[in-house]
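Chemist: Chains as they are written, first to last, in this note's numbering: chain Y, 1 to 527; chain W, 528 to 642; chain U, 643 to 1272.
For glycine and all other residues, C-beta sits at the position ideal for the given N, C-alpha and C.
Please read these numbers as outputs of a predicted model, since none were measured by experiment.
Right under this line is the structure:
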């Protein structure tokens, strides 16, 4: 049995199977990326926060665009080389194409990595701060060193675990932290499992919790069984009663209950939760996303209750490389407040001398720019300036502004290094001059804190999702093209036309990936 | 379809030329977005920058589609498939956006109720 | 496949001679033969349908008897630990009901009906009907089956996890679905996340499948099988293929975004101010939009309805001409109708969203397109109905199902019309009326069509007929029970019964005593219908047994077919040996005429098969490979 038209076109349709299939596939890809592009537009137009226009460093994106376009040219050369039966040329062009894919993904990796190590905080008054965190002296990692932790500290006295829901890695982490704090975590009260008594003071371990869990699940299953049977019996009895004749279920239901006395003998003791005492009370810390903190009692996402005083857990910026008031301004305008007043009323300006200085400097810069634009472009018929500084220029003080301020005000000779265009600011070059402010933000003022990940806002969410998906396409395409390059020799010798067809189809996919990037680059980097 | 060696050699020149054009327009799109002197519309990003950026991108995409993906001499069925998908994409984005831009403004019944 | 496939434009001889015989695994499990894959799809899909049905039976208990423990015959499948986790003293809890409800919908739509209609029937019949040796990409075909199975198993595996399976409805709306199972620390092991993973796999599977189908139909048609000689079944598959191809990806996008929302805590579908730090564990930036999810979901959701429907209507369209012994009435209008239907189905989706605060302008657009789309649907149904007129009908088992399909689907379609109008929908939205409407379409409509398909092609697949007696025992009770199950829903829905009440409205009964509580009284008036419907469902379940027995028993004891063409039908699948071997046709197959030439004047018999060479003096043009574009 042979499938016809594998690479020779069918006469009446004029196409071979693979050609139709790849175009159908690309059509569905249009709809897939179409879904994302629609979402991008929807999210952008519907954003109730200042959309980060032109927020990404352009240089890596620009290089990537060149790389992809170049690879598009080489892949079509590779196809032409096969058509001309030049194997060496094909190998060269295809090799370059795959190298381009590697460069593209490498740059993408650098871009991602920088974002995943860049901290951002949104305060409850909508001020947004960016930078890098200090090492937290109270948070000690497995090697005994403090690390950059964005955590909530609790002076834990008592821990109550849910026996069905406790999360093993968290329990292990709690044990580790308690050991580091030279404290013991031990069972609060005596507990009896089937045929075994656990005395108070048994040390916390995952094995112990698992044993209790096993026992609990067994008891729970038994009790459920007993209670179900009992309830069923009650219903049978109730339906048999003369006074209930003709009554509907819902009419009888309120009078039908399980008699606890009847089943008391078959019921086993359940232990849905189990408590441990920490002696002496010691400091434990948890990622802020995992804990719902309270002054005296906190709760983890796996239902572990922690009794103990909440400790001071500020977000400590080692370096603040951007201050962003655009969201403050947006909120102020919504309420009809003067934006500048709103900014000057923020916690940041009131509490940080350096931030205030930077803000004052930025104001002066903006005024100068405003004048420049006015001088250059003049006013329109309504006597309004034709061109004015943007919101970003007015209300965002980025790391390049800090560097410029160091030049202007602090009389330094700072310049921006090329590597910084990829990696963001390099503090070590400027640390001594205190270009970047340090800052401790009390936890209660923090609305949202985290790295630049999809969680930061919908712009980064769609940026990561779209570029990651596009990256997957790049990788997938490179694998297919690489297969033709490294395993295609045999096919080339037996049937070069077939290989040419395959490469053409693979190339079509590759061009499509390029085509998507041609749109992704401007909408994510330039707009 | 360029199948004979001469035609392919000719089209290699076309591909090189188109590659260059794509490079140049990439440069142009970055320049108009970043160099203040080339800024169109008001100072900074506005809808003119968006239109220009998308126009350049569409032009580049068209070149890739027509030349590199051989849509300039492709079978009718393939036009139907690919442009059909584009039509449905257009429907999707246009209808979703019109649904978004036509909301009901409901401020509660005027009954003095607290909602 | 070897190089000389390049020249295999004309004939494919039955050259099995030099092939080595494939082993058991290759032949029946990891097969690339479209027929085996079709059967695999069929069996898997029917098992999923059975599972979905079972979930529904448990839900119906909770609706009819919310205070009583599940009876033993229903709960024996659960383990004790599972029962202890999900039942309260043996009664179904709200959470469990939600879980079963969400999974019932998901399983029935994505794992049951689509794979049965498109995967099973499409795979088995389409290449045969166009005279192809196999699908264009057999390995891809195999892959799409295995991805489908994997996706389905991942979804269902979550029943056994701490989180349980997805609980946010089959529509999986955010923000509900974004927060559900938020207590699970490792989000990859949450039922709601697994639902998304499974969905992404199912979509991938159906994308591969639809690429394969469309390519096959475009390029692998036999000589002479011009577009207008293709059976309606193939047309329906072509349109279904395009619907899957173009409508599914936006949902895949939405699924991926929701996955990112759940696992990486982004806010694609989470508006600002939903949660603040002090109110919950969820720290979210906000700024997204729940409506975006609904748009992307229903952009798939509506074409999906036709993905479900078209294979069934296609089966019926094959059964009816074969059993009325006359050409299909309005073949061309059906073909154009199905194309228009496919096109329009992309631009009606927001009629599922009238209550989201859509303004009058855009809602008018969607009302108009929704009403418009009823035109091609009615064309299809009318053509099928008129095809019956003046035919000499043979009531074969398949024909019985096909005949029941028409009125049942008719009820389903017509009850949909009121929902197309914004104003009426305000009242009926999310009530049992909607449930009644779409179940009439899907259960007695689509499933009847597919049952008919099973009876129609079973002799080709196995070489034996299904038992007529067992079929009567299956058909009549099912028909009666279906109506007792779904018609009361329409009544309850108009009375305002909400579709997601896990106790069937029981909570309102206490309020019925209050004379001012009109709604409580209404509920009291119609709540007893719950019991009727539930018993109809359970009895119907019992009467599916004859079908299951029939399918297995007839493999051994069914009456053997007398010829390769037991129904004396005209389309190409009946030209193959029974059952068709690898490569399908034993002769150089070609189509010489249209698909439904029954009782043609001048013909020797009352049917003129497509593959039969016309008599020399006949005016029919002998097919030649043409060079023109189609």
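Which whole-angstrom value describes the C-beta separation of residue 1169(U) and residue 1147(U), a residue pair presumed to lie in contact below a C-beta threshold of 8 Å?
Modeler: Confirmed, Cβ separation roughly 5 Å.
Chemist: Are residue 765(U) and residue 5(Y) closer than 7 Å when you measure CB to CB?
Modeler: Contact: no.
Chemist: Between the C-alpha atoms of residue 395(Y) and residue 389(Y), what's the straight-line distance to the nearest angstrom?
Modeler: Their backbone Cα atoms lie some 10 Å apart in a straight line.
Chemist: Taking Cβ-Cβ distances below 7 Å as the criterion, which residues of the segment 314-335 of chain Y are in contact with chain U?
Modeler: So nothing in the stretch comes that close.
Chemist: How would you label residue 830(U), buried or exposed, when you count the other beta carbons within 10 angstroms and need 16 or more for buried?
Modeler: Classification of residue 830(U): exposed, given that the 10 Å Cβ count is below 16.
Chemist: Can a CB atom of chain W be found closer than 7 Å to the CB of residue 485(Y)?
Modeler: Answer no: the Cβ-Cβ gap between residue 485(Y) and chain W never drops below 7 Å.
Chemist: Within 10 angstroms of the Cβ of residue 459(Y), are there 16 or more other Cβ atoms? Answer buried if so, exposed if not.
Modeler: Classification of residue 459(Y): buried, given that the 10 Å Cβ count is 16 or more.
Chemist: For the alpha helix (DSSP H) containing residue 326(Y), name the first residue and the last one.
Modeler: Note, residue 326(Y): alpha helix (DSSP H), 326-335.
Chemist: For residue 511(Y), which residues in chain W fall below 7 Å Cβ to Cβ?
Modeler: What residue 511(Y) touches in chain W: 591, 595, 596.
Chemist: Are the CB atoms of residue 480(Y) and residue 79(Y) within a distance shorter than 7 Å?
Modeler: Result no, Cβ atoms of residue 79(Y) and residue 480(Y) do not sit closer than 7 Å.
Chemist: Taking only the alpha-carbon atoms, compute the straight-line gap between residue 476(Y) and residue 203(Y) and give it to the nearest angstrom.
Modeler: Cα to Cα, the separation comes out at about 51 Å.
Chemist: Below 8 Å, can you find three or more Cβ-Cβ pairs linking the segment 1114-1121 of chain U to the segment 979-998 of chain U?
Modeler: They do not touch, by the three-pair rule.
Chemist: With distances taken Cα to Cα, identify the nearest neighbour of residue 955(U) among 936(U), 1020(U), 969(U).
Modeler: When only C-alpha atoms are compared, the closest one is 1020(U).
Chemist: In chain order, what residues of the same chain have a beta carbon less than 6 Å from the beta carbon of residue 835(U), not counting five sequence neighbours either side?
Modeler: Cβ within range, chain order: 829, 904.
Chemist: With DSSP run on the structure shown, which of helix, strand or coil describes residue 300(Y)?
Modeler: DSSP places residue 300(Y) in strand when its eight states are reduced to three.
Chemist: Measure from the C-beta of residue 624(W) to each C-beta in chain U and report whether the shortest distance is under 7 Å.
Modeler: Answer no: the Cβ-Cβ gap between residue 624(W) and chain U never drops below 7 Å.
Chemist: How many Å lie between residue 510(Y) and residue 100(Y) at the Cα?
Modeler: Distance between the alpha carbons of residue 510(Y) and residue 100(Y) is about 12 Å.
Chemist: Return no unless some Cβ of chain U is closer than 7 Å to the Cβ of residue 577(W).
Modeler: Not closer than 7 Å to any Cβ of chain U, the Cβ of residue 577(W) fails to qualify, so no.
Chemist: Kindly indicate which residue of 994(U), 1044(U), 964(U) has the alpha-carbon position closest to the one of residue 1249(U).
Modeler: Of the listed residues, the one whose Cα sits closest to residue 1249(U) is 964(U).
Chemist: To the nearest angstrom, how far is it from the Cα of residue 322(Y) to the Cα of residue 436(Y)?
Modeler: Residue 322(Y) and residue 436(Y): Cα-Cα distance of roughly 9 Å.
Chemist: Taking the alpha-carbon positions, what's the residue 653(U) to residue 999(U) distance?
Modeler: Residue placement at residue 653(U) cannot be trusted, given a pLDDT of 39 that sits under 50; what the coordinates show is reported in the next sentence. Answer to the nearest angstrom: the Cα atoms are 60 Å apart.
Chemist: Quick check: the segment 779-787 of chain U against the segment 877-886 of chain U, are there 3 or more CB pairs under 8 Å?
Modeler: As far as the Cβ criterion goes, the segment 779-787 of chain U does not touch the segment 877-886 of chain U, which means the pair count is below three.
Chemist: In the DSSP assignment, find the alpha helix (DSSP H) that holds residue 1114(U) and state where it starts and stops.
Modeler: Residue 1114(U) -> alpha helix (DSSP H) spans 1110-1136.
Chemist: Hey, would you say residue 817(U) sits closer than 7 Å to residue 892(U), going by beta carbons?
Modeler: Their beta carbons are not under 7 Å apart, which means residue 817(U) does not touch residue 892(U) by this criterion.
Chemist: Output yes or no for whether 7 Å exceeds the beta carbon distance between residue 958(U) and residue 1087(U).
Modeler: No, the Cβ-Cβ distance between residue 958(U) and residue 1087(U) is not below 7 Å.
Chemist: Which residue wins for smallest C-alpha separation from residue 1143(U), given the options 689(U), 701(U), 1034(U)?
Modeler: Considering only alpha carbons, the answer is 701(U).
Chemist: Let me check understanding here. Comparing Cα to Cα, which of 1149(U), 977(U), 992(U), 1076(U) lies closest to residue 1058(U)?
Modeler: Selected option, being the one with the closest Cα: 1076(U).
Chemist: So is residue 616(U) buried or exposed if we call it buried at 16+ other beta carbons inside 10 Å?
Modeler: Residue 616(U) falls outside the range modelled here, since chain U spans only 643 to 1272, and no answer is possible.
Chemist: On the CB-based measure, 16 or more other CB atoms within 10 Å of its CB, does residue 538(Y) come out buried or exposed?
Modeler: Only positions 1 to 527 of chain Y appear in this structure, which leaves residue 538(Y) out of reach.
Chemist: With a 10 Å radius around its C-beta and 16 neighbouring C-beta atoms as the bar for buried, classify residue 1082(U) as buried or exposed.
Modeler: Looking at its Cβ environment, which holds 16 or more other Cβ atoms inside 10 Å, residue 1082(U) is buried.
Chemist: Could you check where the beta strand (DSSP E) with residue 253(Y) kicks off and where it finishes?
Modeler: Per DSSP, residue 253(Y) belongs to no beta strand (DSSP E) and is neither H nor E.
Chemist: By the criterion of Cβ-Cβ separation under 9 Å, what are the contact partners of residue 944(U) in chain W?
Modeler: Those within 9 Å of residue 944(U) in chain W number zero; the least Cβ separation is about 12 Å.
Chemist: Taking the beta strand (DSSP E) that residue 221(Y) belongs to, which residues open and close that run?
Modeler: That residue, residue 221(Y), is in no beta strand (DSSP E); its alpha helix (DSSP H) goes 206-240.
Chemist: In whole angstroms, what is the alpha-carbon distance linking residue 538(W) and residue 562(W)?
Modeler: If you take the alpha carbons of residue 538(W) and residue 562(W), they lie about 35 Å apart.
Chemist: Which of helix, strand or coil does DSSP assign to residue 132(Y)?
Modeler: In this structure, residue 132(Y) counts as strand in the three-state DSSP scheme.
Chemist: Please identify the residue among 303(Y), 155(Y), 325(Y), 194(Y) whose C-alpha is closest to the C-alpha of residue 280(Y).
Modeler: With distances taken between Cα atoms, residue 280(Y) lies closest to 155(Y).
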